[in-house]
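Q: When the count follows the working numbering, it moves up by one through the sequence shown with no breaks and lands on 504 for the last residue.
C-beta: ideal position from N, C-alpha, C; glycine also.
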Amino acid sequence: MVKRAFFVTFEGIDGSGKSTQARLLADRLRELGLDVVLTREPGGSPGAEEIRRLLVQGAPHRWSPETEILLFTAARRDHLENTIDPALAAGKIVISDRYADSTRVYQGVARADLGGLVDQLHHLMIAREPDLTLVIDMDPAQALERGLGRNSGEDRFEDFGLGFQQALRQGFLALARRAAPRTVLIDGNRTPEVIAAEIAGIFDRATK
Ligand code: TMP
């Protein structure tokens, strides 16, 4: 079990259950006495939470894909400077509900074909990859129903509709293959307990 800094991220389409899994992993590691910072994107620091509101609320086409890339990257830079890097420097485990892979798939594949731009900006302004990324795969129709059923007021991306969610799913599947072994694909169409047990095993092996 880890006693050193470790950076793990959860990725997947809206409603895939990744936030639940991020929380369950954090709970388990805390019970084991480890120092865990559970955070999220967009957000995770006061400045980035302000930028989050601009991104997840309002009409779907309020921002162009290019402007979105800049806003998500600005939020990520603030999150990195104020939350992620200080926690890792202090030897903590950082668990983030979404990170750079979300920009690669949402802005780089599903919103527009801008993967090159996303990669360049990441290289210039972020340049930190997680140690481990769990990509939760889920049926898009079921996930969309779950996501919109929450009535969170943060549905700007869900409002792009089912075709968008299907493009996202394909984007995450391709990314999970491309970025392995950092990325591990998880079947999200099972109970939260079963999924959490699989993730616990993967985490323990990755940090041995
Ligand atoms: P959340 O619902 O998981 O908190 O994420 C908010 C929305 O922002 C979600 O629909 C995914 C989207 N998003 C992007 O489009 N690009 C990104 O880089 C991130 C981090 C999130």
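#1: Contact defined as beta carbons within less than 8 Å: I believe Arg465 pairs with Ile309. What is the distance between those atoms, to the nearest angstrom?
#2: Less than 8 Å between the CB atoms is what I'm expecting for Ile365 and Leu413, so what's the real figure, rounded?
#3: One question on the structure: do Gln403 and Pro361 come within less than 7 Å of each other, judged by their Cβ atoms?
#4: Please list the terminal residues of the continuous alpha helix (DSSP H) segment that includes Val369.
#5: Please tell me whether Ile432 and Ile482 are closer than 7 Å, where the distance is taken between their beta carbons.
#6: When DSSP labels each residue in this structure, what does Gly392 get in the three-state scheme?
#7: Leaving out five residues on either side along the sequence, give the residues of the same chain with a beta carbon under 7 Å from the beta carbon of Leu417.
#8: Decide yes or no for the touch test of the region 314–321 against the region 490–499: beta carbon pairs closer than 8 Å, at least 3 of them.
#9: For the ligand TMP, I want to know if Arg358 counts as a neighbour, meaning its beta carbon is within less than 6 Å of at least one of the ligand's heavy atoms.
#10: Leaving aside the five residues before and after Arg326 along the sequence, list all residues of the same chain whose C-beta is less than 6 Å from its C-beta, in chain order.
#11: Sorry if obvious, but does the Cβ on Thr399 come closer than 6 Å to a heavy atom of the ligand TMP?
#12: With Ala502 and Asp393 assumed to form a contact (beta carbons below 8 Å), what rounded beta-carbon distance in angstroms separates them?
#13: Kindly provide the ranges of any alpha helix (DSSP H) runs that are 4 or more residues long and lie completely inside the region 385–431, ordered along the chain.
A: A quick look at the data gives this:
#1: With 8 Å as the limit, Arg465 and Ile309 qualify as a contact, their Cβ atoms being about 6 Å apart.
#2: Confirmed, Cβ separation roughly 6 Å.
#3: Pairing Gln403 with Pro361 gives a Cβ-Cβ distance under 7 Å.
#4: This sequence places Thr at residue 369; Val is not what is there. Run containing Thr369: Pro361 to His375, per the alpha helix (DSSP H) assignment.
#5: yes
#6: First, the amino acid is wrong: residue 392 is Ser here, not Gly. Strand at Ser392.
#7: Ile365 and Thr369
#8: In short, these stretches touch, since the Cβ pair count reaches three.
#9: no
#10: Val332
#11: yes
#12: Beta-carbon to beta-carbon, Ala502 and Asp393 are separated by about 18 Å, too far to satisfy the 8 Å threshold.
#13: 411–421
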